[in-house]
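Each residue of the sequence shown is one higher than the one before, counting from 432 in my numbering.
Think of the CB as a built atom: it goes at the ideal place given N, C-alpha and C, for glycine as much as any other residue.
Below is one structure, written out as structure tokens; the observations come after it.
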Amino acid sequence: MRAAIPGVQSPYPLMTLLPAVLREDQFLERWTAGLDEVLVPIISTIDCLPAYFDPRLAPDDFVRWLAGWFGVVLDESWPVSSQRSVIAEAVELYRMRGTVTGLRRHLDVVVDGRIEIEESGGTAWSQRPTPPAADDLRRWVTVRVTPNDPATFSRDAVEAVVRAAKPVDVVHRLVVMAK
């Protein structure tokens, strides 16, 4: 539940909903004021509910929970703006998952710097019903990153993004370049 925000008043005070004869009772006025104070965070949350589901508008503490809905794993070291971008683009990123374009787009969201991607490319097929030899299936991708600010760069975070965005059978190598 959202915490109470100081100074926020109930848009629907309970006292105003009571019949006129009950509004004169001072005890009932104090009692409904206490209920109003308890209900204000709930009412304000419900009134703003669409904003909670928009990654650009959701409160910071809600962003991680929203990421869980999309199955997006966020790194604590990423700035909140990058976390919001990943969630906002989650559907598009998942659509392109496993492609070089998808990997590049995913890295663009979380890496501030230059990104180069080199891959083995191609596919394997056979005219026979048996699968191709394992040596024929070796696929790889090399990601070279030149961060603009090495102090804020997280190799582990980029490794996690590459692991999540590439096909599981593709071997990857991450090379961090100096500027």
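- Using a Cβ distance threshold of 8 angstroms, Arg-487 and Ala-519 count as a contacting pair.
- With a cutoff of 8 angstroms on beta-carbon distance, Ile-546 and Asp-539 are scored as near each other.
- The beta carbons of Leu-497 and Ala-489 sit closer together than 8 angstroms.
- If you check the CB distance, Val-531 and Glu-550 come in under 8 angstroms.
- At the C-beta level, Val-572 and Lys-597 come within 8 angstroms of one another.
- Straight-line spacing of the CA atoms in Arg-515 and Val-503 works out to 11 angstroms.
- Trp-571 has Val-602 as its beta-bridge partners, per DSSP.
- If you look at Arg-526, you'll find it in the alpha helix (DSSP H) that goes 521-526.
- In the assembly as shown, Val-599 is an exposed residue. Its beta-carbon has fewer than 16 other beta-carbons within 10 Å.
- With contacts defined as CB atoms closer than 8 angstroms, Pro-437 and Asp-467 fail to qualify as a contacting pair.
- In the three-state scheme derived from DSSP, where H, G and I count as helix and E and B as strand, Pro-578 is classed as strand.
- Counting only residues of its own chain and dropping the five nearest sequence neighbours on each side, Ile-474 has a CB closer than 8 angstroms to the CB of Ser-441, Pro-442, Tyr-443.
- For Glu-455 and Gly-499, the gap between their C-alpha atoms comes out near 49 angstroms.
- The beta-bridge partner set that DSSP reports for Arg-545 consists of Thr-577.
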